[in-house]
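Colleague:
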Amino acid sequence: MVELGLLGRVRAIGPAGPATLRGARQRAVLGLLALHAGQVLPVGRLVDAVWGEDPPRTAVRTLHSHVARLRQALDACGLGPVLRTSNPGYALDVPPELVDALRFEQQVRAAARAAELGAATEALAGFRAAAELWRGEPFADAPLSGWGVREVERLHELRLSALEGRWDAELRLGNHAGAAEQLPRLLAEHPAREGLVELHVLALYRGGRHTEALAALHRARRRIAEELGAEPGPRLLALHSAVVRRDPALSGAPAAGAGPAQLPARAGYFTGRDDELAELDRVLDEPDDDQPVVVVSGAAGVGKTALAVEWAHRVAHRFPDGQVFLDLRGHDARRAATAADALAHLLRSLGLPEDRLPGGTAERAALYRSLLRDKRCLVVADDAGPVEQVLPLVPGAGGSLLLVTGRRSPAALAAYCAVRPLALDVLAHRSSVALLARVLGARRVERERGPTARLARLCGGMPLALRIAAARLTGEPAAPIAGLAAELAGADRLGALAVDGDTRTVRTVLTSAYLPLELSQTRMFRLLGLAPGTTFTASLGAALCDVPLEVGRAAARELRAAHLITAVGPDRYRFHDLIREFARQRAREDETEAATTEVGHRLVDWYLLVADRANRVLDPRRDLVTPTPRHPAPDLPPLADQQGALALLEAERPNLVPVARFARETGRLAAAWQFTYLLTSFYDATGHWRERVELCRQGTAAAGELGDPLAEAEMLRALGVAHYMTRRLHEALDTHVLALQAARAAGDLDGEGHVYNNLANTYAELRRFDEAVAAHRLAVARCRSAGNHLGLALSQRNLGNTLVRTGRAGEALEPLLDALARFRRLDAPRLEAATLDTLGEARMALGDHRQALATLAEALELTRRTGYVWMEMETLLHTGAVHLLREDFAAAADRFELALAISREHRHPHVEAVALDRLGQACLGRGDLDAAREHLERALAVRRTVPDGYEHATVHRHLAELEERSGDGAAAASHRARAGELYRQENATAEAEAVTGPVVSS
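Be aware that the sequence shown starts at 3, since it is given in our numbering, and climbs by one per residue.
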């Protein structure tokens, strides 16, 4: 069980067990953040609620300390980094359903809504479930002050309201005796609670205890007068009058209806869909004359009918003149009911004799609207087709409601009448597992939690697939869930989703959605199923089908309208997992082997040409490759500028590695390595280096299989850079050596210069500075001999960078200024920005802080203008470092926080750890030891996931300073020893001696 508990003693239970919480205030902080899960609580509000109106001067620092320790406790119990610092305070990023108090509120609201809709059984179940969440007094071991006390009072009030709701539902269901027995206990605790008095009186009256009901009213009136000096409220006075005259309305008996009641039985074990049901409930809040047609649309098998029938049963009492259900069979044009037939069914359901049915559709529609006038009927039209089938069924004026389900978008219907669309997607994973648990039983699922979760994922959240899987397991009570999960993971997942004796399988349902499409649409559907990525565009679809872009866009719109593909952005779509599997099966069945091979070539061509066009925008000098597609160039997405190119490739990013792998596996070896090469400028600008490693592995393997030494040298060089950027420095070194051998074998002097440059950078990171400087000078010489002006400038810049790191900043100025001038002549703004950044570092090292800040500001502007995210983070860190030296700790912290935010957005843990460490250093500078501890401990945790011995040592060095200033000499000594050990491992002898002193040999 994973839970944050507030309704009793405050507790946190994670996957690894309960968290260790120490002290009432620490528990109070956790409880308050949990009560506002996902929201930022300002520091001032937290102080008010924990310490009250007169907090000590150290309250804010103590709060930071509590937060730091809470982070450790939450990490230790398996909840992870959920406690987030966010100006101006903190937030706990957990789903609200994990917090018992928030779950309680949600369940009470749902139960109250059910009660309003007349679903007393459902309401009672909801109120009972909510009550079971209470373990005792809220925040029992974490006393609160100020607004925190009011929050506890609010929870108590909500609990009383829930108790009243529960016993109101009991009375509606006829449990008068139980209510009469239990309510006095509640009244003993809350004697002036008029709602409880009213329920108690009704329970006595309906149980035939008229005199006792009057006596209870008299006692309540006297108690209210004595305790409050007031008369009871109007509801209680009216109840007294009704009891005295024995008003028949007090019996609570429901009125009998005589209208049609055609709703099918509910789907068994209906699960989830709380948001969708709430959206449907809101329709009933509309005025009768403004009620829209409700259209539930979605893919085949997604549970549209189940949702419509479930909701219709829940609200049936709101439509006392009847509920009519008709199956329009609109997905199959051959079997679809005509509008005239549908109207005939509706008219007969409303009591019209067969011999009075009008002959024409228009006449039937007019009579249908006349019969519904001044009535409240619910009409459920299931599996609707085109608008011509549905439009005549729309009621006229009055309180009747038409609820439509169908596989197509309701856009066409909206042109004629008010429509409330509800697009139904698959179930969330949690709801999918819950559905399996309800069908199979909680014990069976609990025994195989992992396989159950895997089975739910293999069903893709599709309710039909989940129910079929559950039905198969129900028929074999002894069969392991893991066995069916393994079967679904096999070659024929759709074939496994079938039950003997039931023709409604996932495959047959999807086939019924596929066959009515036009030929151009069915072909695009099945060919897109062959694409190896997760999303796709109409442009790709058009290219695969060899049709103009506009034809592709039209087909994509129709597929989307039929809910066979789902829009995930402007002109970007995805398949549901099982629908993709179906599309691939149709491609294998309906396309020849030669045709599918050609489609594969068209797919690789499209991606290769898109990468080439983006590269020409991002870095036109990266011109080693000129793609040669096998087919004429298709219509490609327009790329107006660098931002457009970056945006397109960012949208395609999840597809890039799969496409490179596909190209290699299908024999397009040259295309695979060229594609990898052309994407270099994108990864240089945006990072995502872990993905780049795998992409380069595919390119390197393809070049090796091709037997092209020049290509292999280029791919090994790219792979070495990717290893370097992910801090796999020894792998980078090994790869650079292989790249150098390949470049020499190919006679590629340019390539040798680039590889020496990369080799030098890696030596520098490994703090092998003499070897780094030597390699840089070899890079300069090779590039100068080859006439490679860009490579020469890059080598000069990197040489300057290494000289700065070795304490030779004055010597670094000449190569840096030379590189800067060359990059400006070459119009290479991203490399110009990188050089300005290093030049700013050099000026910082020389003590010229004003000029350093000016240079770094120029670099920062260029990085942002060109979308160079990696260098933007580096420049922010270096700018913050200058501010640290100037002892402007607020400005330093501001730059470090910006770098931290970008690193988290782009998932770059190395920079995240550095930024956290530098933030801790800034907090140390301004004397905020609690905040410093929080940042440094988090830096240490992140650093363990991305090793870098030098930076790891630096965190320990700063922690030693923190502990020294906090008065913990033993902890400080431990951190110093660890820092010294790590520095020596990284050949940083000077830093080690600065921390621990020189090593004395015996």
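Where a beta carbon is used, it is the ideal one built from N, C-alpha and C, also for glycine.
Let me check understanding here. Comparing Cα to Cα, which of 203, 331, 893 and 499 lies closest to residue 465?
Modeller: Translated into the one-based positions of the sequence shown, residue 465 becomes position 463. With distances taken between Cα atoms, residue 465 lies closest to 499.
Colleague: In terms of residues, what are the limits of the alpha helix (DSSP H) holding residue 670?
Modeller: Taking the first residue of the sequence shown as position 1, residue 670 is located at position 668. Looking at the DSSP string, residue 670 is not in any alpha helix (DSSP H), and its letter there is neither H nor E.
Colleague: Who are the Cβ neighbours of residue 963 in its own chain at under 7 Å, not counting the five residues just before and after it?
Modeller: Here residue 963 refers to the residue found at position 961 when the sequence shown is read from its first residue. Contacts found: 926.
Colleague: Which word fits residue 255, buried or exposed, when buried means at least 16 other C-beta atoms lie within 10 angstroms of its C-beta?
Modeller: The sequence position of residue 255 within the sequence shown is 253, counting from 1. Caution is warranted here: a pLDDT of 46 is assigned to residue 255, below 50, making its placement in the model unreliable, and the coordinate value is therefore given only provisionally. Its Cβ having fewer than 16 others within 10 Å, residue 255 is exposed.
Colleague: Return the chain-ordered list of same chain residues with a C-beta closer than 6 Å to the C-beta of residue 257, the five sequence neighbours on each side being excluded.
Modeller: Position 255 of the sequence shown, counting from 1, holds the residue named residue 257. Unreliable positioning characterises residue 257 in this predicted model, as indicated by a pLDDT of 39, which lies under 50. A coordinate reading is not provided.
Colleague: Can you tell me whether residue 304 is helix, strand or coil according to DSSP?
Modeller: One-based indexing of the sequence shown puts residue 304 at position 302. DSSP places residue 304 in coil when its eight states are reduced to three.
Colleague: Using the Cβ count rule (16 or more neighbours within 10 Å means buried), how would you classify residue 149?
Modeller: Position 147 of the sequence shown, counting from 1, holds the residue named residue 149. Flag for residue 149 reads exposed.
Colleague: Can you tell me the Cα-Cα spacing of residue 181 and residue 130, whole angstroms?
Modeller: The count along the sequence shown starts at 1 and reaches residue 181 at position 179. The count along the sequence shown starts at 1 and reaches residue 130 at position 128. One C-alpha to the other measures close to 14 Å.
Colleague: Which residues in the same chain have their Cβ closer than 7 Å to the Cβ of residue 157, if we skip the five residues on either side of it in sequence?
Modeller: Taking the sequence shown and counting its residues from 1, one reaches residue 157 at position 155. So the qualifying residues of the chain are 103 and 140.
Colleague: Straight-line CA distance for residue 386 to residue 576?
Modeller: Translated into positions along the sequence shown, residue 386 becomes position 384. Translated into positions along the sequence shown, residue 576 becomes position 574. Taking the straight line from one Cα to the other gives about 24 Å.
Colleague: Excluding the 5 residues flanking residue 379 on each side, which residues of the same chain have their C-beta closer than 6 Å to its C-beta?
Modeller: Taking the first residue of the sequence shown as 1, we reach residue 379 at position 377. Cβ neighbours of residue 379 beyond the five flanking positions: 321, 323, 324 and 402.
Colleague: For residue 961 and residue 938, which I take to be in contact (beta-carbon distance under 8 Å), what is that distance rounded to the nearest angstrom?
Modeller: Mapped onto the sequence shown, residue 961 falls at position 959. Mapped onto the sequence shown, residue 938 falls at position 936. Residue 961 to residue 938, Cβ: 5 Å. Contact.
Colleague: Please classify residue 726: does DSSP put it in a helix, a strand, or coil?
Modeller: Walking along the sequence shown from the start, residue 726 turns up at place 724. In this structure, residue 726 counts as helix in the three-state DSSP scheme.
Colleague: Where does the unbroken beta strand (DSSP E) through residue 86 begin, and where does it stop?
Modeller: Numbered from 1 along the sequence shown, position 84 holds the residue referred to as residue 86. That run of the beta strand (DSSP E) goes 85-88.
Colleague: Using alpha carbons as the reference points, say which of 93, 558 and 583 lies closest to residue 512.
Modeller: Stepping through the sequence shown from its first residue, residue 512 is reached at position 510. Measuring from the Cα of residue 512, the nearest candidate turns out to be 583.
Colleague: Taking C-beta to C-beta, are residue 541 and residue 656 nearer than 8 Å?
Modeller: Your numbering for residue 541 matches position 539 in the sequence shown. Your numbering for residue 656 matches position 654 in the sequence shown. In this structure, residue 656 does not lie closer than 8 Å to residue 541 by Cβ.
Colleague: In this structure, how does DSSP classify residue 1 when only helix, strand and coil are distinguished?
Modeller: The shown model of the chain, from 3 to 1004, leaves out residue 1, and the question about it has no answer.
Colleague: Which ranges does the alpha helix (DSSP H) cover as unbroken runs of at least 4 residues, wholly within the region 142-220, from first to last along the chain?
Modeller: Listed in chain order, they are 149-174, 178-191 and 196-208.
Colleague: Taking only runs that begin and end inside the region 903-958, name each unbroken alpha helix (DSSP H) of 4 or more residues, in chain order.
Modeller: Listed in chain order, they are 911-927 and 931-945.
Colleague: CB-CB under 6 Å to residue 993, same chain, minus the five flanking residues each way: which ones, in chain order?
Modeller: In the sequence shown, counting from the first residue as 1, residue 993 sits at position 991. For residue 993, where only same-chain residues beyond five positions count, the Cβ hits under 6 Å are 985.
Colleague: In terms of DSSP beta bridges, what is residue 477 paired with?
Modeller: As a position in the sequence shown, residue 477 is number 475, starting the count at 1. For residue 477, which the question treats as bridged, DSSP gives no partner whatsoever.
Colleague: I need the DSSP call for residue 537, collapsed to helix, strand or coil.
Modeller: By one-based count along the sequence shown, residue 537 stands at place 535. Of the three classes helix, strand and coil, the one that applies to residue 537 here is strand, per DSSP.
Colleague: Between the alpha carbons of residue 777 and residue 81, how many angstroms are there, rounded?
Modeller: The sequence position of residue 777 within the sequence shown is 775, counting from 1. The sequence position of residue 81 within the sequence shown is 79, counting from 1. Cα to Cα, the separation comes out at about 46 Å.
Colleague: Using the C-alpha atoms, what's the distance from residue 681 back to residue 704?
Modeller: If you number the sequence shown from 1, residue 704 lands on position 702. If you number the sequence shown from 1, residue 681 lands on position 679. The straight-line gap from Cα to Cα measures roughly 16 Å.
Colleague: Name the one or two DSSP bridge partners that residue 974 has.
Modeller: The count along the sequence shown starts at 1 and reaches residue 974 at position 972. Partner(s): none; residue 974 has no beta bridge.
Colleague: State the DSSP-derived secondary structure class of residue 687, mapped to helix, strand or coil.
Modeller: Locating residue 687 in the sequence shown gives position 685, where the first residue counts as 1. Three-state DSSP puts residue 687 in a helix.
Colleague: Name the one or two DSSP bridge partners that residue 92 has.
Modeller: In the sequence shown, counting from the first residue as 1, residue 92 sits at position 90. Beta-bridge pairing links residue 92 to 43 and 87.
Colleague: Where does residue 258 sit, in a helix, a strand or coil, going by DSSP?
Modeller: Position 256 of the sequence shown holds residue 258. Reliability of the predicted coordinates at residue 258 is poor, the pLDDT of 39 falling under 50, and no value is obtained from them.
Colleague: So residue 748 and residue 712 are supposed to be a Cβ contact under 8 Å. How far apart are they, rounded?
Modeller: The count along the sequence shown starts at 1 and reaches residue 748 at position 746. The count along the sequence shown starts at 1 and reaches residue 712 at position 710. Their Cβ separation, rounded to whole angstroms, is 4 Å, which keeps residue 748 and residue 712 in contact under 8 Å.
Colleague: Residue 145 and residue 26 - do their beta-carbons sit closer together than 8 Å?
Modeller: Taking the sequence shown and counting its residues from 1, the one referred to as residue 26 is at position 24. Taking the sequence shown and counting its residues from 1, the one referred to as residue 145 is at position 143. Yes. Within cutoff.
Colleague: Does residue 887 pass the burial test, meaning 16 or more other C-beta atoms within 10 Å, or should it be called exposed?
Modeller: Residue numbering aside, residue 887 sits at position 885 when the sequence shown is read from its first letter. The residue is exposed, with fewer than 16 neighbouring Cβ atoms inside 10 Å.
Colleague: When you compare only the Cα positions, how much space is there between residue 593 and residue 429?
Modeller: Position 591 of the sequence shown, counted from the start, is the residue given in the question as residue 593. Position 427 of the sequence shown, counted from the start, is the residue given in the question as residue 429. Rounded to whole angstroms, residue 593 to residue 429 spans 32 Å at the Cα level.
Colleague: For the beta strand (DSSP E) containing residue 129, name the first residue and the last one.
Modeller: Working through the sequence shown from its first residue, we reach residue 129 at position 127. From DSSP, residue 129 is part of no beta strand (DSSP E) but of the alpha helix (DSSP H) over 122-133.
Colleague: Using the three-state DSSP reduction, which class does residue 325 fall into: helix, strand or coil?
Modeller: As a position in the sequence shown, residue 325 is number 323, starting the count at 1. DSSP places residue 325 in strand when its eight states are reduced to three.
Colleague: CB residue 875 to CB residue 913, shorter than 8 Å?
Modeller: Within the sequence shown, the letter at position 873 stands for residue 875. Within the sequence shown, the letter at position 911 stands for residue 913. Yes, they are a contact pair.
Colleague: With residue 423 as the anchor, note down where its beta strand (DSSP E) starts and where it stops.
Modeller: Taking the first residue of the sequence shown as position 1, residue 423 is located at position 421. Segment 421-426, the beta strand (DSSP E) holding residue 423.
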